[in-house]
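Visitor: Numbering (the UniProt record's numbering), first residue to last: 1 to 354.
All C-beta atoms, glycine included, are put in the ideal place defined by N, C-alpha and C.
All values derive from a computational prediction rather than experimental measurement.
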Amino acid sequence: MSDGKNGLTYADAGVDIDAGNAMVEKIKPLVRATRRPGADGEIGGFGGLFDLKAAGFSDPVLVAANDGVGTKLRVAIEAGIHETVGIDLVAMCVNDLVVQGAEPLFFLDYFATGKLDPDQGAAIVAGIAEGCRMAGCALIGGETAEMPGMYAEGDYDLAGFAVGAAERGLLLPTDDIAEGDVILGLASSGLHSNGFSLVRKIVEKSGLGWDDPAPFAEDRSLARALLEPTRIYVKPLLHAVRGTHGIKALAHITGGGFPDNIPRVLTDDWSAEIDLEAIDAPPVFGWLQKTGGIADLEMLRTFNCGIGMIAVVAAGQAAQVAAVLNQAGETVSPIGRICPRRDAGVIYRGAIEL
C-alpha cells in the first residue's frame, strides 16, 4: 500500500470534507428547531426517522411531493441573497401536499454546489428550517454535495422532498363537487417560484440591475422584491379543512397558472369559471406585463397573477370557510364558480387588471 507522501487528496480535486463537516455543525441547531411530534432525531445518520403513531395518526395514507426553486435561484446567486430561497423550496413541496388534505410531516433537502461555502450553505438551510417551521414539518435530513466541474463558481442547486399524511377517507378532492360551488382565491405573496426564466428576460430588457430600486416596490431592491418567498398556506388550510369540513378541493397555482392547475382537481364533468375582475394582482405583475409586452393570457398561464391557491367550497359554506382563512391570516376573496364542462377546464369572465 502506498504511503501517499506525494499523492493527491480529495481536497486537491476540489472537495473539502472539512467544509462539509463544518456546515453540518452550523445547521444542527436549525434542524433541532424544526422538531415536532414524531421526529426528534439528530441529523448526521444515514437516514431520518419518523414515528407516525407519535404524530397522532391511526390509519394514515402517506402523500409525497418533491420540487425545486427553478431559475429563481439565478436571481439569488447573482444578487448574493441566499436566506429566502430555502423557504421557497419548502413551500413548493408542502403546498402540493396540503392540496390533497395531507399534513406535512417531514422534509429532506438536497443542496449541490461546485465549491462549498459553509456560511452560504448555512444561510440556505436556515431558510429551509424557517419554511419547515411555518409548515409544521420536521427537517429530518438531507444531502450536501460538493461537485467541482459540475457547477460554475458560486452556483448551486436545490431540491426538496416532503412527506405528509392524511387519515384514510379524508383526502382531497372530494367526490361531491357540484355546479355552483364557489371558488375562493387565496392571495399570493408575489411571483412565488414560477416564471423566472421569463422574469429574467424582462429584467434584462428593462436595463435594471439587481441592486436598483424595484419600480413596483421602491422601498426594496429589485432582487429582494422579486425574491419575496413563496407563501406557505399549510396551517391556515389545514385549520379550515378540519374545522369547517367545507373544502371540496384545493389547487396550488404554480407553473401553468390557472389553466393548467385548476383542472387537475376537477373531473371532466366540470369547468372553473373565473371572474378576472375579482382578482387584485400585486404591482409586480403589472410591471412585468408592461415591460415585457406580455398578453393577458400569457400572463395567466405563466404566473399566479396574485392568486397562489384556490379552494372549491359549497356555496352555503363559502363565507364560513373564507372567514376562518381570513382569521388565520390569509387574504381570501371569491373569484369564480364551478359550472358544467365546456370547451376548456378554465373559462375566463372579464379582464384582469395588472
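Contact check, A126 vs Y156 under 8 Å by CB: the rounded distance?
Guide: Here residue 126 is taken as the residue at index 126 of the sequence shown, counted from 1. Here residue 156 is taken as the residue at index 156 of the sequence shown, counted from 1. The beta carbons of A126 and Y156 sit about 15 Å from each other, so the pair does not count as a contact at 8 Å.
Visitor: State the beta-bridge partners of S271 as determined by DSSP.
Guide: Position 271 of the sequence shown, counting from 1, holds the residue named residue 271. C339, per the DSSP bridge assignment.
Visitor: Would you call G48 buried or exposed, if buried means 16 or more other Cβ atoms sit within 10 Å of its Cβ?
Guide: Locating residue 48 in the sequence shown gives position 48, where the first residue counts as 1. Counting Cβ neighbours within 10 Å, G48 comes out buried, since at least 16 surround it.
Visitor: Who pairs with M309 in a beta bridge, going by DSSP?
Guide: By one-based count along the sequence shown, residue 309 stands at place 309. Its beta-bridge partners are L186 and H252.
Visitor: Could you name the residues that DSSP lists as bridge partners for V332?
Guide: In the sequence shown, counting from the first residue as 1, residue 332 sits at position 332. Paired residues: L186.
Visitor: Considering only their Cβ atoms, is the gap separating G38 from F50 smaller than 8 Å?
Guide: Position 50 of the sequence shown, counting from 1, holds the residue named residue 50. Position 38 of the sequence shown, counting from 1, holds the residue named residue 38. Inclusion of F50 and G38 in the CB contact set at 8 Å is warranted, their separation being smaller than that value.
Visitor: Could you spell out the range, first to last residue, of the alpha helix (DSSP H) harbouring N304?
Guide: Counted from its first residue, the sequence shown places residue 304 at position 304. Here N304 belongs to no alpha helix (DSSP H), and DSSP marks it neither H nor E.
Visitor: Determine the burial state of R231: buried for a count of at least 16 other Cβ atoms within 10 Å of its Cβ, exposed for fewer.
Guide: As a working note, residue 231 is residue 231 in the sequence shown. By the 10 Å Cβ count, R231 comes out buried.
Visitor: Need the endpoints of the beta strand (DSSP E) that N66 sits in, please.
Guide: For the purposes of this step, residue 66 is taken as the residue at position 66 of the sequence shown. Boundaries of the beta strand (DSSP E) around N66: P60 to G68.
Visitor: Along the chain, where does the alpha helix (DSSP H) containing F285 start, and where does it finish?
Guide: For the purposes of this step, residue 285 is taken as residue 285 along the sequence shown, with counting starting at 1. Here the alpha helix (DSSP H) through F285 covers P283 to G292.
Visitor: Quick one: residues in its chain with C-beta nearer than 8 Å to the C-beta of K208, no 5 flanking neighbours on either side, listed in chain order?
Guide: Start at 1 with the first residue of the sequence shown, and residue 208 comes out as number 208. Inspection of the sequence shows that residue 208 is occupied by Leu rather than by Lys. Excluding residues within five positions, the ones whose Cβ falls inside 8 Å are P215 and L222.
Visitor: Residue range of the alpha helix (DSSP H) that E204 falls in?
Guide: If you number the sequence shown from 1, residue 204 lands on position 204. Counting along the chain, the unbroken alpha helix (DSSP H) around E204 starts and ends at F196 to S206.
Visitor: Looking only at C-alpha atoms, which of I262, G80 and E277 sits nearest to S271?
Guide: Locating residue 271 in the sequence shown gives position 271, where the first residue counts as 1. Measuring from the Cα of S271, the nearest candidate turns out to be I262.
Visitor: Against chain D, with Cβ distances strictly below 8 Å, would F303 count as a contact?
Guide: In summary, chain D is missing from the structure at hand, where a single protein chain is found.
Visitor: Could you give the residue range of the beta strand (DSSP E) that holds F161?
Guide: In the sequence shown, residue 161 corresponds to position 161, counting from 1. Start and end: Y156 to E167.
Visitor: Applying the 10 Å Cβ sphere with the 16-neighbour rule, what's the burial state of M299?
Guide: As a working mapping, residue 299 is identified with position 299 in the sequence shown. It counts as buried.
Visitor: Could you tell me which of L30, I177, D268 and W287 sits nearest to residue 357, measuring between CA atoms?
Guide: A question about residue 357 goes unanswered here, because the residues of the chain that appear run from 1 up to 354.
Visitor: Going by beta-carbon coordinates alone, are G255 and V313 separated by less than 8 Å?
Guide: Residue mapping note: residue 255 aligns to position 255 of the sequence shown, counting from 1. Residue mapping note: residue 313 aligns to position 313 of the sequence shown, counting from 1. Cβ distance not < 8 Å, so G255 and V313 don't count as in contact.
Visitor: Measure the C-alpha to C-alpha separation of A281 and I307 and round it to an integer number of angstroms.
Guide: Here residue 281 corresponds to residue number 281 of the sequence shown, with the count starting at 1. Here residue 307 corresponds to residue number 307 of the sequence shown, with the count starting at 1. Rounded to whole angstroms, A281 to I307 spans 8 Å at the Cα level.
Visitor: State yes or no: is the C-beta of V346 within less than 8 Å of the C-beta of F258?
Guide: As a first step, residue 346 must be located in the sequence shown, where it is residue number 346. As a first step, residue 258 must be located in the sequence shown, where it is residue number 258. Against a cut-off of 8 Å, the Cβ pair of F258 and V346 comes out as a contact.
Visitor: For the beta strand (DSSP E) containing V346, name the first residue and the last one.
Guide: Counting from 1 along the sequence shown, the entry for residue 346 is found at position 346. Taken as a continuous stretch (DSSP letters only), the beta strand (DSSP E) holding V346 covers V346 to R349.
Visitor: For G136, which of helix, strand or coil comes out of DSSP?
Guide: As a position in the sequence shown, residue 136 is number 136, starting the count at 1. Correct three-state label for G136: coil.
Visitor: Taking just the CA atoms, how far does P60 sit from G336?
Guide: Walking along the sequence shown from the start, residue 336 turns up at place 336. Walking along the sequence shown from the start, residue 60 turns up at place 60. C-alpha separation (whole angstroms): 33 Å.
Visitor: Rounded to the nearest angstrom, how far is the Cβ of V90 from that of I128, given a contact under 8 Å?
Guide: Translated into the one-based positions of the sequence shown, residue 90 becomes position 90. Translated into the one-based positions of the sequence shown, residue 128 becomes position 128. Yes, they are in contact, since the Cβ atoms of V90 and I128 sit about 6 Å apart, within 8 Å.
Visitor: Using a threshold of 8 Å, state whether the C-beta atoms of A33 and L105 are closer than that.
Guide: As a first step, residue 33 must be located in the sequence shown, where it is residue number 33. As a first step, residue 105 must be located in the sequence shown, where it is residue number 105. Not closer than 8 Å, so no.
Visitor: What is the residue span of the alpha helix (DSSP H) that A295 lies within?
Guide: The residue given as residue 295 occupies position 295 in the sequence shown. Neither: A295 is in no alpha helix (DSSP H) and is coded neither H nor E.
Visitor: Quick check on the DSSP output: what are the complete alpha helix (DSSP H) runs of length 4 or more inside the region 106–136, in order along the chain?
Guide: Listed in chain order, they are 118–135.
Visitor: Just to confirm my understanding: we take D132, look at its own chain, exclude 5 residues before and 5 after, and list those with CB closer than 6 Å. What are they?
Guide: Sequence index remark: in the sequence shown, residue 132 carries index 132 (1-based). Note that residue 132 is Cys in the sequence shown, not Asp. If we look at C132 and ignore the five residues flanking it on each side, its Cβ neighbours are T34, V90, F107 and L139.
Visitor: Am I right that L172 and A318 are in contact with their C-beta atoms under 8 Å? What's the rounded C-beta distance?
Guide: Residue mapping note: residue 172 aligns to position 172 of the sequence shown, counting from 1. Residue mapping note: residue 318 aligns to position 318 of the sequence shown, counting from 1. Contact between L172 and A318 fails: their C-beta atoms lie close to 16 Å from each other, not under 8 Å.
Visitor: Are the CB atoms of S58 and E167 within a distance shorter than 8 Å?
Guide: Residue numbering aside, residue 167 sits at position 167 when the sequence shown is read from its first letter. Residue numbering aside, residue 58 sits at position 58 when the sequence shown is read from its first letter. Yes, these two residues count as a Cβ contact at 8 Å.
Visitor: Spatial neighbours of K72 within its chain, please: CB distance less than 6 Å, with the 5 preceding and 5 following residues excluded, ordered by chain position.
Guide: The residue given as residue 72 occupies position 72 in the sequence shown. Taken in chain order, the residues that qualify are S193 and F196.
Visitor: Taking the C-alpha atoms as reference points, what is the distance between R74 and A323?
Guide: The residue you call residue 74 lines up with position 74 of the sequence shown. The residue you call residue 323 lines up with position 323 of the sequence shown. Rounded to whole angstroms, R74 to A323 spans 38 Å at the Cα level.
Visitor: Using 10 angstroms around the beta-carbon of R36, count the other beta-carbons present and answer buried if the total reaches 16, otherwise exposed.
Guide: As a position in the sequence shown, residue 36 is number 36, starting the count at 1. So R36 counts as buried.
Visitor: Do D181 and A315 come within 8 Å of each other at the CB atom, strictly closer than that value?
Guide: Against the sequence shown, residue 315 aligns to sequence position 315. Against the sequence shown, residue 181 aligns to sequence position 181. Against a cut-off of 8 Å, the Cβ pair of D181 and A315 comes out as a contact.
Visitor: Within 10 Å of its beta-carbon, does G141 have 16 or more other beta-carbons around it, so buried, or fewer, so exposed?
Guide: Sequence index remark: in the sequence shown, residue 141 carries index 141 (1-based). Per the 10 Å Cβ criterion, buried.
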